[in-house]
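If you read the protein sequences in the order shown, they are chains A and B.
Here our numbering is used: the first residue of the first sequence is 1, the next is one more, and so on.
Here our numbering is used: the first residue of the second sequence is 1, the next is one more, and so on.
2 protein chains.
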Amino acid sequence: MISISIVEDHENYRKSLAKAIETHEQFNIIGVYPSAEEAINELVNNPPDIAILDIKMKDISGIELIEQVRAQIPDTQFLMCTSFQNDENVFNALKAGASGYIVKGSTALEIQNAILELYDGGSPMSPYIARKVISMHHKQPAPSNFGLSQRELEVLSLLSKGLLYKEISDQLDISPNTVKNHCKNIYKRLHVQNKVEALNKFNSF
Amino acid sequence: MISISIVEDHENYRKSLAKAIETHEQFNIIGVYPSAEEAINELVNNPPDIAILDIKMKDISGIELIEQVRAQIPDTQFLMCTSFQNDENVFNALKAGASGYIVKGSTALEIQNAILELYDGGSPMSPYIARKVISMHHKQPAPSNFGLSQRELEVLSLLSKGLLYKEISDQLDISPNTVKNHCKNIYKRLHVQNKVEALNKFNSF
DNA sequence: AGTACAATAGCCCCTTTGGGCTATAGCTGG
DNA sequence: CCAGCTATAGCCCAAAGGGGCTATTGTACT
């Protein structure tokens, strides 16, 4: 049995959602709330396997709701429900901790499948959103390295761990002065004045 | 018409892939290469809309191939093909710049649909991988902030921009000594000894 | 009233860092 | 062979950072 709670402020949709879920014998609705405010405590006290949240609600958005309760119920998975397939908020909800979503107007079967996919470790979502999510992971092309040499990259990478010149020189088996020199050269190339700036510049490409 | 190139070192699969694609009238195969090495120049000189790459190949992996050519052919989309649905490499390929993948053993129809979905701006992938990708976007729950005060967070955020104590004190309109004090307190809370360590610790939670 | 803590700010002292400059050895490409 | 580049390493000096301590003010909870 998969326990499910629903948070949805439109009465009609809330009811039809509940009905679609009830008909599947593997699902067990343990809570239905008409507002985020009312849901927030109940979700924490009685965490479902899956919480179905409307993204846009009058009082608190589903996204905020996730942010507020997720830490306390780490085993609950969040399935958003949205009116618009490609809502920008869907993307934000996924970032906040949701694992998938369904579109309002889906058939009972589609809803059930989404829940099962979610419970199974999947992430029901549209191809468009999927692409958007993975695009965020794409490293920018042509790292180019700003023309830094291999050794300089090595030093930079150790710097990024918070090591001192001395510690770096020990690891690379060179003099601390040399490490210093590499840093100076790195700073010149990147047009910066200190470690943090260098790391920022480099890591943002 | 969608132009397509194929890079695949197993002859049998290469041929069956080509056949599955040819039968669709909207697809136009403009290159078929049995190794990454041979493909690399051709892809750059004659970039297809979609490049289908085997993830594991004898000489260079499909992932490395993407890294090497992506910068030069930004309009080409990469569709990986893999033997194992949940291969760790699939995930790495997506990070490198691929936009989706197909599993070896898919039917011609499945292959065609994946290509169309990709061309359409989607990202064909299994639910498991989708989840993995979006999980990476989840902010860690309960930022908790390590018990840092509001002011300390403010200072930390300015530190992360590479500013000096003096610059921070100017912006916050307090004394540089106070900024220093905040830093000292931050370091104590986070159990670190310097800026870079503090930023690392904080940003990785 | 008393305790606790955040934010402010100063002091001292030493270490680390950053910038300038020089120098040598090795390697590479005209 | 020479010019250019990298990696190495040293020197000097000044600025920035980090750790220890104390102190005042204000707010908040008890």
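Where is the CB? At the ideal position from N, CA and C, for every residue including glycine.
Under the Cβ distance rule, R131 (chain A) counts among the residues neighbouring chain B, one pair being separated by less than 8 Å. Taking every protein chain shown into account, the CB of L109 (chain B) has fewer than 16 other CB atoms within 10 angstroms, so this residue is exposed. By the CB criterion at 8 Å, D9 (chain A) and E37 (chain A) fall outside the cutoff. By the Cβ-count criterion, K195 (chain A) is buried, with 16 or more other Cβ atoms from all chains shown falling within 10 Å of its own Cβ. The beta carbon of M125 (chain A) is closer than 7 Å to those of G100, Y101 in its chain, skipping five residues each way along the sequence. In this structure, DSSP gives S16 (chain A) a helical state, which the three-state scheme calls helix. In the DSSP assignment, T82 (chain B) falls outside any alpha helix (DSSP H) and within the unbroken beta strand (DSSP E) covering 77-82.
A51 (chain A) has A:S5, A:F78 as its beta-bridge partners, per DSSP. Put simply, the backbone Cα of A114 (chain B) is about 20 Å away from that of N12 (chain B). Taking R189 (chain B) as the centre and dropping the five residues before and after it, the same chain places the C-beta of F146, G147, L148 closer than 7 Å to its C-beta, in chain order. H191 (chain B) sits exposed, since fewer than 16 C-beta atoms from the chains shown fall within 10 Å of its C-beta. Residue environment: P74 (chain A) is assigned as exposed (fewer than 16 neighbouring CB atoms within 10 Å of its CB, all protein chains considered). Under the three-state reduction of DSSP, G122 (chain B) is assigned to coil, being neither helix nor strand. Using a CB distance cut-off of 8 Å, E197 (chain B) counts as an interface residue toward chain A.
Taking 9 Å as the cut-off between beta carbons, the residues of the stretch 93-104 of chain A near chain B are L94, K95, A96, G97, A98, S99, G100, in sequence order. From the beta-carbon of Y128 (chain A), the residues of chain B found nearer than 8 Å are G121, G122. Inside the stretch 147-174 of chain B, DSSP marks whole alpha helix (DSSP H) runs of 4 or more residues at positions 150-159, 165-172, from first to last along the chain.
When the alpha-carbon of L79 (chain B) is set against those of B:Q150, B:S3, B:T23, B:N46, the nearest one is in B:S3. In the DSSP assignment, N177 (chain B) falls outside any beta strand (DSSP E) and within the unbroken alpha helix (DSSP H) covering 176-190. Note: I115 (chain B) is not bridge-paired with any residue in the DSSP secondary-structure output. The C-beta distance from R151 (chain A) to G121 (chain B) rounds to 42 Å, too long to fall under 8 Å, and the pair is not in contact.
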